[in-house]
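Input: a single structure, listed below in structure tokens.
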Amino acid sequence: MEQGSLLPAALEYMQKIRDHEHDFDLPFQEFTSNEEDDDGMEVAMELQNALVISIYSIDSTDDTSCRDLSCRKNLIMKLASIQNIIHGKLLPKYNKRFQHKWFVGGEGISFGIHCEEEDVGGISIPHLRAIVRYGPHALDEYYSIALMKCISLDLANTYGHRVAIECFDIDDGQILLIEGAEFLPSWVDDEIGVEAMRKRVYYVNGEVLVLPPTITAQEVCSNSSKTFLITRKDALDAVTSLNRDNDLNTELQGLNKAIDKRIHPFLQVLTQNKLDIRQQRKILTEYYHTSSIVLPLELALLIQYRPDLVPIAIASFCKQSIKDVSVQMGKQMQSQPNGTHIEIPFENLVFTRIMLPKTLYAMLLTAAGQLLPPIKIPKHYKSMEVNRIKRQCKSGGDGHSHFRHALECGIRLSLGFEWLTSNSTGSDDKKSFPELFVPSTEQRIAHYIEKVDKTAGGDGQWIQSAWEKGPNKSADDISTILKCPVWNPEITVSGICPIANPGKPIVGHVANALQYVRRYMFDKVEVSRDFPPPRASDVDSDKWIDMESIDDLELRMKNIVRPQKDVNENNDENVAALNDLMDGLENFVSMSSEIGGVSMRSKEPKHVNTKIEIKEQVFFSILKGSLEPGFPDFNFQGIGTQERMKETLEHYFSNEDLEFDDDHENEIDVQMEEVMRTMDEQLLDLDSDRRITIGEGAEDESHSDNPDILKANILSNLLKSLDAQVDDKGPLSTITTGNLS
Numbered sequence: 001m002e003q004g005s006l007l008p009a010a011l012e013y014m015q016k017i018r019d020h021e022h023d024f025d026l027p028f029q030e031f032t033s034n035e036e037d038d039d040g041m042e043v044a045m046e047l048q049n050a051l052v053i054s055i056y057s058i059d060s061t062d063d064t065s066c067r068d069l070s071c072r073k074n075l076i077m078k079l080a081s082i083q084n085i086i087h088g089k090l091l092p093k094y095n096k097r098f099q100h101k102w103f104v105g106g107e108g109i110s111f112g113i114h115c116e117e118e119d120v121g122g123i124s125i126p127h128l129r130a131i132v133r134y135g136p137h138a139l140d141e142y143y144s145i146a147l148m149k150c151i152s153l154d155l156a157n158t159y160g161h162r163v164a165i166e167c168f169d170i171d172d173g174q175i176l177l178i179e180g181a182e183f184l185p186s187w188v189d190d191e192i193g194v195e196a197m198r199k200r201v202y203y204v205n206g207e208v209l210v211l212p213p214t215i216t217a218q219e220v221c222s223n224s225s226k227t228f229l230i231t232r233k234d235a236l237d238a239v240t241s242l243n244r245d246n247d248l249n250t251e252l253q254g255l256n257k258a259i260d261k262r263i264h265p266f267l268q269v270l271t272q273n274k275l276d277i278r279q280q281r282k283i284l285t286e287y288y289h290t291s292s293i294v295l296p297l298e299l300a301l302l303i304q305y306r307p308d309l310v311p312i313a314i315a316s317f318c319k320q321s322i323k324d325v326s327v328q329m330g331k332q333m334q335s336q337p338n339g340t341h342i343e344i345p346f347e348n349l350v351f352t353r354i355m356l357p358k359t360l361y362a363m364l365l366t367a368a369g370q371l372l373p374p375i376k377i378p379k380h381y382k383s384m385e386v387n388r389i390k391r392q393c394k395s396g397g398d399g400h401s402h403f404r405h406a407l408e409c410g411i412r413l414s415l416g417f418e419w420l421t422s423n424s425t426g427s428d429d430k431k432s433f434p435e436l437f438v439p440s441t442e443q444r445i446a447h448y449i450e451k452v453d454k455t456a457g458g459d460g461q462w463i464q465s466a467w468e469k470g471p472n473k474s475a476d477d478i479s480t481i482l483k484c485p486v487w488n489p490e491i492t493v494s495g496i497c498p499i500a501n502p503g504k505p506i507v508g509h510v511a512n513a514l515q516y517v518r519r520y521m522f523d524k525v526e527v528s529r530d531f532p533p534p535r536a537s538d539v540d541s542d543k544w545i546d547m548e549s550i551d552d553l554e555l556r557m558k559n560i561v562r563p564q565k566d567v568n569e570n571n572d573e574n575v576a577a578l579n580d581l582m583d584g585l586e587n588f589v590s591m592s593s594e595i596g597g598v599s600m601r602s603k604e605p606k607h608v609n610t611k612i613e614i615k616e617q618v619f620f621s622i623l624k625g626s627l628e629p630g631f632p633d634f635n636f637q638g639i640g641t642q643e644r645m646k647e648t649l650e651h652y653f654s655n656e657d658l659e660f661d662d663d664h665e666n667e668i669d670v671q672m673e674e675v676m677r678t679m680d681e682q683l684l685d686l687d688s689d690r691r692i693t694i695g696e697g698a699e700d701e702s703h704s705d706n707p708d709i710l711k712a713n714i715l716s717n718l719l720k721s722l723d724a725q726v727d728d729k730g731p732l733s734t735i736t737t738g739n740l741s
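Following this line, the structure appears as structure tokens:
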């Protein structure tokens with residue numbers, strides 16, 4: 001199956017339903033067929049996507065020697081025991097960790113013993129079979145594959161049963177090879193080919209095993225073009241041998257890693273015991289959606305007790321929503337005979353959460369594309385309570401955006417249950433809920449169980465004989481066989497729960513669940529307190545549902561991508577605008593100005609071994625001020641005036657020191673002159689080495705005429721100036737504002 005978001009697949013499925021409205025039916029009904037009508041069953045299976053799962057015993061080669069009576073008896077009893085373990089221990093354990101909602105509802109996956117006619121010359125080998133109907137998205141298929149990995153490991157490690165499990169997609173073929181196509185050995189395509197891979201792929205001990213080209217047909221000449229078309233017996237004998245030699249992973253590590261990566265979220269929830277609902281939501285966020293929903297208290301308790309009924313109610317709502325709901329509702333209620341309708345009044349409403357596969361949530365909120373929100377509230381649903389909640393949920397409301405579809409979903413799901421529990425829904429729906437036949441034990445043995453033995457090459461007499469003698473006198477214990485249903489027809493026509501409640505119609509399931517709920521409400525006080533309104537963090541955003549078709553999805557994606565494209569297209573324009581800004585700043589700074597102090601360092605004369613002129617009086621005035629404690633508040637005003645100079649000089653020098661003429665300046669001691677020059681250079685942040693280097697003709701980057709260095713210096717100075725600004729006021733703001741204007 002293709003990877004990626006399930007939304008495009010769901011939208012395409014909705015379009016198919018629009019095109020074939022008359023074909024839409026409750027999903028579990030398409031498998032119903034007569035015992036001998038195998039062709040009809042295969043046609044029904046092709047109507048929607050389905051995964052066929054077959055479990056074979058590979059404890060020894062005796063498991064494929066079905067022509068021998070003792071081997072065949074042991075194999076059938078062993079398969080019945082494995083089926084009892086799967087449905088009695090393993091699946092309940094997995095469901096306790098995470099209860100998956102199957103697209104068809106009910107148990108979802110149910111194994112029964114099966115034996116089908118092999119190709120000409122082949123031996124029919126009994127095995128366990130289940131078919132998973134995964135609908136418009138492959139969520140159920142991925143979950144089933146994860147289940148098979150866990151089951152193969154648990155059966156081997158805990159119960160000592162070695163099994164080979166085949167997962168074959170009705171539409172796509174070897175789904176395991178498709179998921180790991182990039183990591184297949186070259187001989188899969190180059191030597192064996194697609195057709196010959198039909199019976200070569202199995203789950204064994206939790207690992208995918210692909211039989212190599214060295215495994216060939218035993219009854220075909222070596223030079224035949226059908227050498228690689230092996231029988232089921234050839235395949236299972238090879239798997240048994242490889243399993244015994246523990247040589248299962250040759251060349252297949254990449255394939256197994258790819259498949260494990262695909263089903264990793266489901267493996268997490270199936271194998272970890274202490275995951276709470278938040279952790280499960282996070283792990284399965286790609287596949288599941290948690291939504292707030294408004295329901296009658298009875299129905300809220302019912303879906304907690306039997307969450308497997310929710311997908312069936314959604315299918316019922318989709319089926320009945322071809323026309324306007326109010327019209328459909330009026331017709332249906334008028335056609336209801338008295339006493340045949342299970343009523344769940346739309347009152348005593350509570351907020352709760354519901355966690356559904358995204359495909360089912362989309363089907364509920366759009367009626368599989370046939371009835372988009374908002375729905376017209378049925379007349380018998382209207383009340384002051386509904387109006388109050390409607391106002392609360394309308395357009396999300398302040399602080400209630402996660403409730404925007406809560407009432408909508410609640411009305412739709414309630415209608416689904418209401419229609420689901422109706423025994424009569426119109427003249428064209430007389431077979432919506434057929435009465436299911438549950439045979440007696442004698443009938444099961446005579447018509448179903450013996451048929452498996454006969455198909456495998458026996459006559460079925462040993463089963464009949466063991467039943468007649470009873471468990472105390474018979475050498476063959478067939479108790480596990482009596483508990484194990486035969487896949488066709490017991491699984492195919494036994495309703496939504498063929499293992500736990502074979503033959504019970506859907507109305508019976510809902511009625512029993514409602515009885516339990518009403519007893520619970522009678523025994524417990526203030527049940528509504530168990531349903532506080534969910535917080536925004538308890539549910540998921542459903543903005544992904546706000547589109548009606550693939551065209552809407554493509555339009556949404558274009559709107560998302562276009563701004564990014566515009567940014568790329570306008571990138572050159574943005575760079576050009578920035579360059580213009582820099583050029584403007586450079587021109588502004590370099591142009592002539594009457595403002596003192598604005599000059600370019602590159603235009604200043606370079607200091608190359610020139611004598612630095614300094615006014616000693618000013619220097620000593622500054623020096624004196626810096627030595628005083630209040631230097632930060634030192635007054636520099638009038639620093640060069642005669643009064644300030646005299647005051648400063650007299651502080652450090654005597655009158656004799658100050659009585660000299662300008663003629664005597666050149667007679668100052670050379671050492672004193674050098675000291676003064678050194679101090680001045682330090683004040684200007686220059687050192688003698690740099691002065692000498694500049695004097696030797698080396699270029700100073702800070703005084704370079706290189707335009708790139710010049711721009712970098714300008715930008716650096718501007719950033720420093722910006723950092724020094726206070727309250728966004730300063731020379732840089734003034735310069736940039738004027739230049740931009």
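For what it's worth, full-length UniProt numbering labels the leading residue of the sequence shown as 1, then goes sequentially. Quick reminder that beta carbons are idealized off the backbone N, C-alpha and C, glycines included.
Spell out the partners DSSP gives residue i in its beta bridges.
i: V350; result: L295
i: residue 762; result: Nothing about residue 762 can be reported from this structure: the residues present for the chain run from 1 to 741 only.
i: M355; result: T290
i: H114; result: H127
i: G173; result: D169
i: R97; result: Its beta-bridge partners do not exist; DSSP assigns none.
i: R133; result: A50
i: V486; result: I113
Just curious, the alpha helix (DSSP H) that residue i is in, first and last residue?
i: L153; result: 139–157
i: E442; result: 441–444
i: E207; result: Counting along the chain, E207 falls outside any alpha helix (DSSP H), though it belongs to the beta strand (DSSP E) covering 207–210.
i: S186; result: Here S186 belongs to no alpha helix (DSSP H), and DSSP marks it neither H nor E.
i: S316; result: 310–320
i: K469; result: 461–469
i: I82; result: 69–85
i: G508; result: 506–523
i: H264; result: 253–271
i: R388; result: 384–393
Since residue i and residue j are thought to touch, with beta carbons under 8 Å apart, how far apart are those beta carbons, to the nearest angstrom?
i: I82; j: L139; result: About 26 Å separates the two Cβ atoms, so there is no contact after all.
i: A513; j: L209; result: Not really, about 42 Å apart at Cβ, beyond 8 Å.
i: A466; j: C66; result: That belief does not hold up - the Cβ atoms of A466 and C66 are roughly 18 Å apart, past 8 Å.
i: I85; j: L155; result: 7 Å
i: A300; j: F531; result: 6 Å
i: E141; j: A258; result: In fact, because the Cβ distance is near 16 Å, the residues do not count as touching under 8 Å.
Taking just the CA atoms, how far does residue j sit from residue i?
i: T227; j: V194; result: 14 Å
i: I449; j: R232; result: 22 Å
i: V132; j: F168; result: 10 Å
i: I192; j: P185; result: 11 Å
i: V204; j: D59; result: 11 Å
i: Q515; j: P471; result: 38 Å
i: residue 801; j: V452; result: The question about residue 801 has no answer here: the residues shown for the chain are numbered 1 through 741.
i: D62; j: S537; result: 57 Å
i: I293; j: Y361; result: 11 Å
i: D311; j: S152; result: Note that residue 311 is Pro in the sequence shown here, rather than Asp. About 28 Å.
i: F317; j: H509; result: 17 Å
i: A406; j: S528; result: 17 Å
i: L211; j: P505; result: 43 Å
i: K379; j: A367; result: 19 Å
i: S721; j: F619; result: 27 Å
Grab the span of the beta strand (DSSP E) containing residue i for me, first residue to last.
i: A50; result: 50–57
i: I166; result: Note that residue 166 is Glu in the sequence shown here, rather than Ile. Per DSSP, E166 belongs to the beta strand (DSSP E) from 163–169.
i: Y203; result: 201–204
> Per the contact definition of three or more C-beta pairs closer than 8 Å, is the stretch 379–391 in contact with the stretch 345–357?
Replying inline: yes
> Counting Cβ pairs, one atom from each stretch, are 3 or more of them under 8 Å apart for the stretch 135–154 and the stretch 262–271?
Replying inline: yes
> Are at least three pairs of beta-carbons, each pair with one atom in the stretch 166–180 and one in the stretch 51–63, less than 8 Å apart?
Replying inline: yes
>> Could you check whether the stretch 275–294 touches the stretch 104–118, counting it as contact only if at least three pairs of C-beta atoms, one from each stretch, sit closer than 8 Å?
In response: They do not touch, by the three-pair rule.
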